[in-house]
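Contents: one structure, followed by commentary.
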């Protein structure tokens, strides 16, 4: 009979349960055992070696269509990369770059000749690629990239060029060492017969950068980013192009093409819409990064929880034993809400992956649905990555000096995931994007607008804010409709009340954001000042939206659990999650009369109460995360001197 | 004429301004230029080399009494080590271990023979020591250390021994490689003629551990902690003792001695009081760690602020330029409150150092004053180190991908300071200690009590909570007395109102903590449960106290500024600090009717207003921190390709 922890794992595993189970078993291969070295050469070689093992297992085929040489299970592709994050984040990122970003660009922006030429080879690692989007001067605002791809009709080639120091491709994973080809994002400049040469906006090109011996090709200058905050196994580098010529066919031409004579054509007329359609097909990267951050957070939290269940400090009176850390209320308060949030986010992530998978497999998917997917992916990437940063930091501190030793794993988890709040979209920029989509009801027009302009647009469409339940709509509606609320403490544990509070906050924040914007635009002369006046409000509205989506996913997740004991634990966890979110923004709820003074005080009592009721189940809850056996890799949990880990962490 | 920034620096430098200026100039020596390598051998060698340069400048003499071979300027000693934190945290920690901890133990716990034998040599680095207090099993609760020092009257020796695996000395800086001698904390076991042998509690002993070739001495087994989260230049290690014999004279015997026949004697009768008197003399370490964390935070914030003043992203309408990051409200909100808090904490740190210095130089210092100093040191260590963790993390994220590159310095600042929340006392344990001292009115009896027992004691003394203004009492009282308060927004900018709010919160939290404890003890059968029931409340009370102390120091600091322009900036910064603290705990103020709903909404408006008014002065404010020239060490601020930094950060 399955244990409660196994029921929790099964519920949390969701639709791609089998993929997760398979990966768990694959990761027990000693070649995937957690290791640590800051030595770049060693770490990079190890990550590449691990990728080759994965490739030999056919690991990457899921991400590619069957007629391109894959198996076409998009959801499985995302989930299996997320699972790698539990073993090693350098491996996860390097695999994500090769198969998700580089491979994804070929798969989604390319056409048959590209699929034929590259997909099989990149799956098998016969071709190592990198994804050269970010430049030194532009990361968040990729429409303003400066690299140029100028079409020369006399030779039928594009000339790839870096015209300024700030146009240098920067922080590109794989560019320092292993990649021999890059998918380069550049301004496509061309002219048809009799036309003026002009930029048609940013497009993606396949550009060889290295020969088989690893030397830069003529006109290409790569350099090494060297040491980073973490991710030593990822060879991030920089690329400058000096008039590098590539065949016309190297334009990934699914959404736009250039004819031999230089004539530009695209099925999408509006240049902004075209660009964001292309970008939209690359949403997988954002989903993967969020999911992987969530996975790493679960590992960190598990380590700290298990440590708190073995470490004792200070005597209690009337007892011969020192007190377990986990028995201190404050220790519970540090970790249990993070466990609750991890469950919440994973349920939301599962829904996101399913939505992505379904849209990916539906040739007639509704464009509005796609926009919503992109917004959701952005929002959950923000939530998951900030959660990881916060949770792993807390885990490190909760383990004291032992937490600071590399052999106990937490410091590398923290260092490696730290950049996740930045890459695949800076969290502040993404949160703004979430708000933008909500405020403008996913209107096509706003794509490509700068922040000020879309906010001005939003003002004219205020009132159309789209709100719909994001999961298991029927269940959620019933819970809200049948809630029985009163002013007693207990009602804060009422799921319907919690949901209503989350909804009310989102609604109010969004509508007031729009209204304040309107007011500011009347008052301020400078449109930027008007935008800036409400920027913080807009970001908070986005956060409120994300919180609501996550809570709804948690509720739906509980409903999917078949075991009553596990379900009861999930319900308590969900309370803890909901109350923690309310507590963080408690002043807002009070200011807006959603919480009386008396009830506000009950929030903290409720949190403490749930911490106490969940304490006896702490071990079960983290076992429920389903971290693969051996993947914790924390010496202190196996007793001092675990050779496998320590050997790698002592200087030679 | 001095610039506004110079006036700010001068005000912030405080009483040891000249020491700070001298160190600034010393740190421009290229041998102290920021560098980065994760290679342990290289980093350790570099840190030791830098220490030898410092020693040759007579850097360490300040920390030791003139008749021991020093110059006896305790404040200068703390300040000069704090300054090192701006250059390199490994150096700061290694210097702190040698001269502050190891040296401090000899200086403060030893007597003339020890001073004669060791002080001059350790100042000059002819003797390298380590401070072997923490064990694998006990870090926070050092009274329970397991290492034994058993006196053998037949030979006149102490036998130092590690009886269990958990008694292993752990995380000891210097123990892995460089130290040849350790100050070892161990249970002193002895018996006078006719007495039963028993432990007299933890005492400190000088124990040689290595010969001149670096080999472990007989009976000593050292090992290397290997890679850590940061601080690669500090050689942390472990030590096990197998019946190691040392002469009787190696007991640091200022507070207790053992006669040749084994008779134990001490001028302090109560064993707890004796132990905490000894520990109390080591308060310098805690002060130094807090101050250094604050210094590192200022470096990180300065880097992010300067980046925000050069980096542009996204076009604004009606403008050819992209927008400077620092012009976005949300960017201001991320950094300016951290700048404000850095000023606040540094003013508080300056007062702490002055108080420490004066007490150190006063042979008749009031024991109550000493206790207060220890409490203040603990509180500010907590505040400064959590501020550093949070501020440097925010700075990293604010610089995006560039922030993740080692050559831009932020990742090492974060990694190196991460353990500061742990060492010299875990922050949660220290916060509890602050509350304990306040709740028990610094009563002697509570020293050495476990948390449960002191809380029970506190209940009986409730009402005696000591509250006195911590700085410039007259000025502060005048401000509070003359405040004119009303319910308008503006009054939140009234300094007297702010101070009153901070005071009221502290008073209320402390008195209710005591009352709740009383209630819980009547209700709960198990005293631990009663303690646990209010543990979170107690920690919040400590935080409220620390906040009040810091605000008062800020106000006194402003008063010490002689320049009107600088003073006006400091006043705005102080508003921003006060409002940020109120905002973080806004729900509490509302719940307890110290803030009406309308006024609560004005807090955020006030914060945004101060961000806007301080924005034009962002550069001046960080220049005011007085980071030594060249000590930022951030390649992106000097333009790409700054050789000095980059060379060290690219793999060879």
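Protein chains in written order, with the working numbering: chain A, 386 to 1037; chain B, 386 to 1037.
Quick reminder that beta carbons are idealized off the backbone N, C-alpha and C, glycines included.
- Residue 425/A and residue 797/A have their C-alpha atoms roughly 14 Å apart.
- Between residue 819/B and residue 825/B, the C-beta spacing is not below 7 Å.
- Residue burial is scored here from C-beta neighbours: residue 811/A has at least 16 other C-beta atoms within 10 angstroms and is therefore classed as buried.
- CA-to-CA, the gap between residue 640/A and residue 494/A works out to about 7 Å.
- Residues of the region 912 to 931 of chain B with a C-beta atom less than 8 Å from some C-beta of chain A are 912, 913, 917, 918, 920, 921 and 924, listed in chain order.
- Within the region 953 to 986 of chain B, contact with chain A at the beta-carbon level (separation under 7 Å) is assigned to 971, 972, 975, 976, 982, 985 and 986.
- With distances taken between CA atoms, residue 1007/A lies nearest to 687/A out of 459/A, 506/A, 687/A and 673/A.
- Taking 7 Å as the cut-off, the Cβ atoms of residue 485/A and residue 673/A count as close.
- Within the DSSP bridge table, the entry for residue 542/B names 537/B and 632/B as partners.
- At a cut-off of 7 Å between C-beta atoms, residue 807/B counts as an interface residue with respect to chain A.
- A residue is called buried once 16 or more other Cβ atoms fall within 10 Å of its Cβ, and residue 419/B is buried on that count.
- Rounded to the nearest angstrom, the gap between the Cα atoms of residue 907/B and residue 944/B is 48 Å.
- Among the residues facing chain A, residue 700/B is included, as its CB has a counterpart in that chain under 7 Å away.
- Interface annotation for the region 390 to 417 of chain A against chain B: empty, criterion Cβ-Cβ distance under 7 Å.
- Taking CB atoms only, residue 718/B has a neighbour in chain A less than 7 Å away.
- Between residue 482/A and residue 516/A, the C-beta gap is smaller than 7 Å, which places the two residues in contact.
- Between residue 599/B and residue 609/B, the CB-CB gap reaches or exceeds 7 Å.
- A distance below 6 Å between beta-carbons, with the five flanking residues on each side excluded, links residue 438/A to the following residues of its chain, in chain order: 416.
- Taking residue 1000/B as reference, the option from 541/B, 757/B, 983/B and 724/B with the minimal CA-CA separation is 724/B.
- When C-beta atoms of the region 612 to 619 of chain B are compared with those of the region 505 to 516 of chain B, fewer than three pairs fall below 8 Å, so the two segments do not count as touching.
- For residue 943/B, DSSP assigns no beta-bridge partner whatsoever.
- Neighbourhood of residue 423/B in chain A, by CB distance below 7 Å: 423 and 612, in chain order.
- Here residue 933/B is near residue 891/B, since their CB atoms are less than 7 Å apart.
- Within the same chain, Cβ atoms closer than 7 Å to the Cβ of residue 988/B are found at 877, 964, 967, 968 and 971, the five residues on either side in sequence being excluded.
- It is roughly 15 Å from the alpha-carbon of residue 410/B to the alpha-carbon of residue 1010/B.
- Interface annotation for the region 638 to 664 of chain A against chain B: empty, criterion Cβ-Cβ distance under 8 Å.
- Within the DSSP bridge table, the entry for residue 570/B names 589/B as partners.
- The Cβ of residue 835/A sits closer than 7 Å to at least one Cβ of chain B.
- Between residue 928/B and residue 714/A, the C-beta spacing is not below 7 Å.
- Ranked by Cα distance from residue 400/A, the options 428/A, 868/A, 464/A and 392/A are led by 464/A.
- Secondary structure remark: continuous alpha helix (DSSP H) runs of at least 4 residues inside the region 652 to 683 of chain B, in chain order: 656 to 665.
- By the C-beta criterion, the region 580 to 592 of chain A is judged not to be in contact with the region 759 to 769 of chain A, since fewer than 3 inter-stretch pairs fall below 8 Å.
- At a C-beta separation below 9 Å, residue 756/B has no neighbours in chain A, since its nearest C-beta there lies roughly 20 Å away.
- By the C-beta density criterion, residue 706/A is exposed, having fewer than 16 other C-beta atoms within 10 angstroms.
- Chain B places no beta carbon closer than 7 Å to that of residue 823/A, leaving this residue out of the contacts.
- Among the residues of chain B, those whose CB is under 9 Å from the CB of residue 993/A are 918 and 921, following chain order.
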